[in-house]
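Same order as they appear, the protein sequences are chains A and B. Residue numbering for the first sequence is 2 to 725, as defined by our numbering. Residue numbering for the second sequence is 2 to 725, as defined by our numbering. All C-beta atoms in this analysis are idealised placements derived from N, C-alpha and C, irrespective of residue type, glycine included. In this text the structure is predicted, and so the values were computed from the model without any measurement.
Number of protein chains: 2
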Amino acid sequence: MSNWLIKKNSFEIEDIEKHGSKFLLGNGFMGYRGTMEEYSANELVAVNLAGFFDLAENSNWRESVNAPNPLYTVVSVNGTELNLSTLTPVSHCQTLDIKNGIHTRKTNFFVDGINITVKAERFVSMSRENVMALKYSITADKDVKVTLKTGIDKNIWSISGAHLNFINEEYNGNLLKLDCETVQLKNKLTVYEAVLGLCDIENRDLLHNCDINLKANTEFEFTKFGGVYHGGSLLNSEADFTAAVFAGYQQLKAEHITAWEKVWENSDVIIEGDEEAQLALRYSIYHLCSIAPHNTDKCGIPARGLSGQVYKGAAFWDTEMFMLPFFQFTDSVVARNLLKYRVNTIDGAKKKAKEFGHEGAFFAWESQETGEDACTLFNVTDIFTNRPQRTYFKDKQIHVSADIVFAMWDYCRTTGDYTLLCDGGLELMYECLWFYYTYSSFKVYKNRYELLDVVGPDEYHERVNNNAFTNVMVKHAANIFVQAIDKVKTLNPDFLKDFDKDLNWAYDFAEKLYVPQPNEKGIIEQFDGYFSLEDVTPEVLKTRELMANEYWGGHGLASNTMTLKQADVVMMLNVFRNEYNTEIKKSNWEFYEPYTEHGSSLSACAYAIVAAEIGYTDWAYKYFMKTASVDLTGNTKQYLGSLYIGGTHPAANGGAWSTAIFGFAGVSFTNDCLDISPRLPSNWQSLSFKLNWKGEKLNIKASSKGVEIDGIVNSRVTVYGKDY
Amino acid sequence: MSNWLIKKNSFEIEDIEKHGSKFLLGNGFMGYRGTMEEYSANELVAVNLAGFFDLAENSNWRESVNAPNPLYTVVSVNGTELNLSTLTPVSHCQTLDIKNGIHTRKTNFFVDGINITVKAERFVSMSRENVMALKYSITADKDVKVTLKTGIDKNIWSISGAHLNFINEEYNGNLLKLDCETVQLKNKLTVYEAVLGLCDIENRDLLHNCDINLKANTEFEFTKFGGVYHGGSLLNSEADFTAAVFAGYQQLKAEHITAWEKVWENSDVIIEGDEEAQLALRYSIYHLCSIAPHNTDKCGIPARGLSGQVYKGAAFWDTEMFMLPFFQFTDSVVARNLLKYRVNTIDGAKKKAKEFGHEGAFFAWESQETGEDACTLFNVTDIFTNRPQRTYFKDKQIHVSADIVFAMWDYCRTTGDYTLLCDGGLELMYECLWFYYTYSSFKVYKNRYELLDVVGPDEYHERVNNNAFTNVMVKHAANIFVQAIDKVKTLNPDFLKDFDKDLNWAYDFAEKLYVPQPNEKGIIEQFDGYFSLEDVTPEVLKTRELMANEYWGGHGLASNTMTLKQADVVMMLNVFRNEYNTEIKKSNWEFYEPYTEHGSSLSACAYAIVAAEIGYTDWAYKYFMKTASVDLTGNTKQYLGSLYIGGTHPAANGGAWSTAIFGFAGVSFTNDCLDISPRLPSNWQSLSFKLNWKGEKLNIKASSKGVEIDGIVNSRVTVYGKDY
């Protein structure tokens with residue numbers, strides 16, 4: 002069990018923020034932060050909702066909405082609240098069981114000569130997405146009367162203003178109901194709460210209030226339930242919630258555990274010989290599954306998961322490039338939902354392209370429910386002047402549309418499900434490519450298209466020309482589009498009749514788009530002119546800082562130097578691992594590694610995977626552990642300038658899985674063929690996992706002996722797809 | 002005489018810097034600042050040399066060299082130096098006679114009970130470019146022995162480090178000689194000095210030292226001479242200098258006055274009815290003629306003239322767009338020298354194009370003797386962090402090459418001298434156009450070329466797309482190139498045989514280059530997206546300043562607003578005055594005027610000329626006076642961030658002339674035809690001037706009665722060129 006349990010046996014007040022993310026529960030519909038039941042807005046309690054957004058009054062941006070907290074519970078003894086954030090405990094233990102998605106706390110307080118222990122266990126149901134449940138108990142070492150308040154807490158954390166108007170409260174015995182609507186669009190949200198096991202309750206202010214006469218050393222326990230509903234689920238919300246309450250805590254918990262078992266059945270990765278890596282990797286997978294949109298294609302995965310409103314609750318390229326590989330190989334329903342979400346939000350992407358003078362589909366840098374870009378043109382505050390600082394993430398980080406095309410094609414060819422193409426996918430590809438075509442500059446005298454004035458993954462260098470990652474990505478997207486048309490011709494020729502477009506431009510663009518090539522030393526220049534920037538590393542830049550949390554991009558310290566925020570060329574080598582040889586990978590990895598700050602949690606995994614490929618196993622392991630344990634340690638950048646950016650890191654979680662599978666197990670694939678050639682860290686005896694490959698579930702065990710698939714051992718394995 | 006005399010009858014110590022420029026003498030080879038004879042480096046004495054540059058040790062940039070001062074002279078009474086900067090005078094008067102290019106000072110000191118008057122008169126010879134002369138006298142109201150030191154002062158002002166190594170000193174009777182060489186390239190410079198009228202001299206430290214027994218109320222006078230030689234003039238320098246000395250002060254002065262008379266004969270403009278405007282305009286013309294390269298095609302005119310090393314002594318687009326019109330109509334030798342200087346420096350322009358990944362000729366933003374760009378990529382210091390700030394003047398202000406093509410064609414068609422085309426001009430045009438072609442982006446789906454990522458004249462908005470001024474300028478340059486080829490076909494068909502180039506691209510480019518058009522309100526957007534910037538004026542931005550001298554461009558206050566530094570669209574309407582109708586001019590003038598800071602001395606004249614054209618005569622007069630008196634008042638921006646930018650403003654001087662001629666006299670021209678339709682300010686009775694038009698000198702008098710050319714009066718005049 003130890004490899005499934007996150008545990009903290011003490012309490013430090015400064016960990017409240019970090020532990021809220023570390024002990025997060027979630028089911029894709031909502032995330033519940035790892036806070037104590039008695040906490041409130043100050044301690045960053047949040048029931049963070051996926052795909053539910055609002056713009057508060059006088060706010061600069063829309064962000065995801067946090068729901069009122071239906072698990073709020075606090076006990077008082079003689080007027081003293083048993084609140085971990087204000088009362089020093091005798092002992093405290095907090096755990097997260099990642100196998101079953103269950104959070105516990107046990108805290109011993111000493112008040113007025115009495116030892117009182119509070120225990121709580123809770124989960125956010127994986128089988129009923131609107132429901133959460135709590136079992137709460139109190140034990141004292143003397144007879145004592147305590148006061149209990151439990152109900153719905155409206156005092157919720159919100160980064161950028163208040164999002165909910167509270168329009169109706171109902172009390173129906175032990176059941177509370179709170180109807181809300183959002184400030185901007187008046188979208189409805191209803192929160193339910195019910196308790197079982199309490200009596201003599203006085204209901205007011207959305208709370209059940211009662212006194213409890215504890216008997217010495219006798220545990221007093223009750224259970225309670227929360228329900229959060231918006232959108233379509235509102236229709237039968239009361240019936241849905243009361244059914245859950247009547248099922249009771251034990252039954253809900255059993256269902257929930259079964260649902261998690263199914264999740265793990267497909268997604269677990271077993272490392273023999275390295276307990277620390279095992280826990281870190283499982284923890285990463287836990288987070289991915291906790292926030293995946295299992296039942297909807299109306300929302301993406303926010304860049305900080307469901308741990309809060311950081312980055313406005315919006316989805317970035319992180320989803321397609323860092324998380325989707327995991328889902329497409331372990332849960333193709335989620336993978337399809339995520340891609341369909343992009344199809345569904347294409348109008349926002351078209352609007353954005355037009356706004357910036359282009360055509361086609363320019364997907365949002367920060368995508369919310371409509372696909373309109375939540376990113377502002379001033380995404381950072383200059384800490385020297387406190388002025389908003391113009392950033393070019395929104396209008397110049399054009400690779401996002403190509404990332405989506407790329408991911409869609411990867412989904413199709415690994416799952417074998419090409420139906421998505423005729424369900425909006427081909428149209429999406431068309432619009433994305435047309436966007437790039439209108440964006441591109443044709444250099445007549447060179448007979449080639451170029452992509453000028455862009456921002457690549459390395460955000461410290463804004464407005465560069467011919468960023469290698471971007472150009473290669475777009476070139477591939479163009480080729481994918483051409484292949485996708487051929488595919489649809491075979492699968493569904495009638496469909497193409499409706500798709501009546503002249504495509505000569507696309508063929509020309511795919512052929513003539515310029516792609517930076519390795520120089521005589523095998524190095525691919527990150528963008529035109531990168532090599533002539535000041536040759537300094539992040540360590541040197543650090544010594545030039547005048548203030549903490551200086552933003553290094555924009556007009557900051559890194560922009561005119563070779564220091565980069567995150568893997569850019571190395572990310573490209575990772576993505577296109579079959580198209581660059583080991584020598585090129587080595588040259589570039591060695592060249593760029595010293596210049597890379599890893600100021601983004603998206604960086605380390607690219608370095609890890611490429612390091613594994615080129616035989617730098619120690620480096621690969623170091624970067625793997627950095628990626629896999631990012632949310633376990635919580636040692637990440639918390640501020641960008643003055644902007645809070647803490648929370649969980651699903652892209653790194655996905656990157657950890659990818660490092661294990663693509664890096665260490667050596668999985669790679671083409672349209673037809675899955676290839677596995679392991680290169681495990683020396684202390685790993687084996688690595689076992691399941692992969693969906695064109696509809697078939699493969700049980701794979703990689704070890705120093707070779708690869709075992711469904712029990713058959715080979716030194717290296719190539720699997721041919723079925724439908725080719 | 003009053004309209005020719007600049008006079009200051011008092012002394013304020015804080016004026017030393019300003020008066021150095023205001024009372025400047027010059028002859029195109031060198032400028033001598035309006036400082037006192039006893040001043041030294043602290044008081045910014047400079048003999049600023051045209052076209053002579055150096056890079057000092059540990060300096061960031063090359064700049065023009067200031068020569069040692071051969072007119073240095075100081076008198077002491079009982080050990081007290083008669084130094085205006087340290088001794089409060091009883092009275093002081095400084096004058097500059099702009100008709101004759103003669104500087105005087107008369108200062109009365111009171112020391113130890115004695116009234117002593119120092120008088121000095123000097124000039125920088127307009128007839129012998131290496132020579133300057135000084136007449137110096139002392140008068141006391143009591144018998145007194147004074148000590149005189151006069152010679153060469155090596156302690157000279159230099160902004161960016163010491164440029165000269167002093168390698169040899171010679172004393173030959175009353176003649177001193179100092180041989181120097183520059184630090185970077187070891188270029189030779191020799192300074193001579195000689196005195197006439199002194200005896201019992203002790204020569205040491207490059208000084209003549211002697212005691213003089215003054216008799217009460219009896220003037221003691223002597224004369225001295227300075228010579229400054231470098232480059233070709235070094236060869237016969239000693240003979241040249243001694244010849245000047247032997248000619249003596251009176252003879253040199255007479256020659257000098259005659260040379261200035263010739264200058265004024267061609268360039269004077271007479272305003273009847275407005276003494277203030279008359280003086281300001283003449284003063285502007287004086288400055289232009291003082292710094293014009295009369296005898297060389299190896300240097301341009303620095304942006305601060307020969308008043309010092311500001312802007313590195315480099316030539317900008319100012320020359321072609323603001324000064325050249327004056328010269329081409331009044332002194333075509335100078336005009337041709339200036340254009341030939343560009344032809345001579347084309348290798349620097351080709352090198353620059355290559356450096357930034359293009360081809361052809363990308364002329365320097367700051368051009369020195371080789372045409373290599375003296376502009377750095379970090380031209381401003383951020384005053385909040387003291388860090389160098391990346392500016393895009395050098396690599397993105399691409400219009401400069403088109404400005405040169407444009408100016409060259411204007412020179413040809415107004416002077417009728419097309420020989421320049423076969424003397425490197427056509428090749429220059431070719432290379433400039435090829436540069437633009439390689440720079441441009443062809444948007445295939447729009448079937449047009451665009452110019453993306455540029456900086457227009459308004460430097461507060463860097464890296465914009467399709468800047469109207471730039472696109473229109475380049476479009477014209479392309480059309481000029483095509484016309485120039487036709488012209489050469491007629492004039493010199495053999496030449497074109499050598500010029501064996503495929504030019505289809507040029508015709509295509511000229512045809513398809515996009516030019517922003519007026520919108521439904523008649524407004525031409527300054528660049529793509531300008532209209533969606535924050536709508537605030539300079540007055541509002543001023544209130545947002547956190548520190549004095551904040552730089553508003555780059556990441557500063559103006560960049561994301563509609564506030565502009567200087568005329569941009571209005572400059573374009575000025576340059577292409579025949580191609581936009583009055584309605585368009587009115588709409589744009591009215592629209593852009595409130596947003597314009599006039600943070601550059603290049604701005605007001607464009608507003609003045611267009612205002613005159615659209616009948617806003619009061620506005621035209623206001624902006625004319627602002628332009629014409631910029632160096633008279635000295636009320637200009639002295640600092641850009643922490644960079645000193647004071648000095649004279651030859652572009653504004655040229656703009657003042659252009660406003661009088663193109664604005665008020667209403668002169669315009671096409672290839673064939675000179676058109677004059679006056680619109681004088683109401684208090685101007687007439688405006689008289691001479692214009693060279695295709696080799697013929699026209700005497701023009703514009704008044705409310707109409708136009709008089711060579712004595713013949715018309716209500717409005719059109720002159721047809723002779724060689725068409």
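**Prompt:** What residue from B:103, B:102, B:119 has the CA that sits closest to residue 110 of chain B's CA?
**Reply:** B:119
**Message:** Can you tell me whether residue 123 of chain B is helix, strand or coil according to DSSP?
**Reply:** strand
**Message:** Quick check: the Cα distance between residue 723 of chain A and residue 404 of chain A, rounded to an integer number of angstroms?
**Reply:** At residue 723 of chain A, the pLDDT of 39 sits below 50, so the modelled position is not reliable and the matter cannot be decided from this model.
**Asked** So, is the C-beta of residue 536 of chain A closer than 8 Å to a C-beta in chain B?
**Response** no
**Item:** Burial state of residue 725 of chain A (16 or more Cβ within 10 Å)
**Value:** Its pLDDT being 29, under 50, residue 725 of chain A is placed unreliably by the model, and the measurement read from it follows with that caveat. Result: exposed.
**Message:** Counting only C-beta atoms, is residue 552 of chain B closer than 8 Å to chain A at any point?
**Reply:** no
**Item:** Sequence ranges, alpha helix (DSSP H) only - wholly within the region 400–449 of chain A, length at least 4
**Value:** 400–416, 427–440
**Request:** Given a cut-off of 8 Å, decide if residue 354 of chain B and residue 365 of chain B are closer than it, judged by their beta-carbon atoms.
**Result:** no
**Prompt:** From this set, B:90, B:453, B:123, which residue's C-alpha is nearest residue 108 of chain B's C-alpha?
**Reply:** B:90
**Prompt:** So, does the CB of residue 445 of chain A fall closer than 8 Å to a CB anywhere in chain B?
**Reply:** yes
**Prompt:** Counting pairs of beta carbons, one from the region 179–193 of chain B and one from the region 209–220 of chain B, are three or more of them closer than 8 Å?
**Reply:** no
**Request:** Closer than 7 Å by beta-carbon distance: list the chain B residues that pair up with residue 385 of chain A, in chain order.
**Result:** 385, 386
**Request:** Output yes or no for whether 8 Å exceeds the beta carbon distance between residue 575 of chain B and residue 611 of chain B.
**Result:** yes
**Prompt:** In chain order, what residues of the same chain have a beta carbon less than 6 Å from the beta carbon of residue 601 of chain A, not counting five sequence neighbours either side?
**Reply:** 566, 567
**Asked** How about residue 390 of chain B: is its C-beta nearer than 8 Å to some C-beta of chain A?
**Response** yes
**Message:** For residue 358 of chain A, would you say it is in contact with chain B, using Cβ-to-Cβ distances shorter than 8 Å as the test?
**Reply:** yes
**Item:** Sheet register partners of residue 694 of chain B (DSSP bridge)
**Value:** B:697
**Message:** Which residues in chain A have a C-beta closer than 7 Å to the C-beta of residue 515 of chain B? List them in chain order.
**Reply:** Correct list: empty, because the minimum Cβ distance to chain A is about 12 Å.
**Prompt:** If you count every other CB in all the chains shown that lies within 10 Å of the CB of residue 494 of chain B, and 16 or more means buried, which is it?
**Reply:** exposed
**Asked** How many angstroms separate the CA atom of residue 173 of chain B from the CA atom of residue 44 of chain B?
**Response** 30 Å
**Request:** Quick one: measure Cβ to Cβ for residue 649 of chain B and residue 305 of chain B, integer angstroms, because I've assumed they're closer than 8 Å.
**Result:** 6 Å
**Message:** If we require 3 or more residues per run, which beta strand (DSSP E) segments fall completely within the region 268–338 of chain A?
**Reply:** 270–273
**Prompt:** Any idea if residue 29 of chain A is buried or exposed, counting beta-carbon neighbours within 10 angstroms, 16 or more meaning buried?
**Reply:** buried
**Item:** Proximal residues of chain D, C-beta to C-beta of residue 555 of chain B below 8 Å
**Value:** Included in the structure are the protein chains A and B, with no chain D among them.
**Message:** So with CB distances below 8 Å, who are the chain B contacts of residue 464 of chain A?
**Reply:** 454, 464
**Asked** Under 8 Å between C-beta atoms, does residue 461 of chain B make it to chain A?
**Response** no
**Message:** Just to confirm the assignment, what range does the beta strand (DSSP E) spanning residue 539 of chain B have?
**Reply:** Where residue 539 of chain B is concerned, there is no enclosing beta strand (DSSP E), although the alpha helix (DSSP H) it sits in stretches over 539–545.
**Message:** I'd like the list of long-range same chain contacts for residue 709 of chain A, defined as Cβ closer than 6 Å, with 5 residues on each side in sequence excluded.
**Reply:** 702
**Message:** Following a CB-centred definition, is residue 95 of chain B positioned closer than 7 Å to any heavy atom of the ligand ATP?
**Reply:** The ligand ATP is absent from the structure shown, which contains no ligand whatsoever.
**Request:** For residue 219 of chain B, name the three-state secondary structure that DSSP assigns.
**Result:** coil
**Message:** Is the separation between the beta-carbon of residue 303 of chain A and that of residue 65 of chain A shorter than 8 Å?
**Reply:** yes
**Asked** So, using beta-carbon positions, are residue 530 of chain B and residue 463 of chain B closer together than 8 Å?
**Response** no
**CA nearest to the CA of residue 257 of chain A, picked from A:76, A:719, A:100** = A:100
**8 Å Cβ cutoff met for residue 656 of chain B and residue 614 of chain B** = no
**Request:** With residue 154 of chain A as the anchor, note down where its beta strand (DSSP E) starts and where it stops.
**Result:** 145–154
**Asked** Looking at the unbroken beta strand (DSSP E) that takes in residue 726 of chain A, where does it start and where does it end?
**Response** This structure cannot speak to residue 726 of chain A, because chain A is shown only from 2 to 725.
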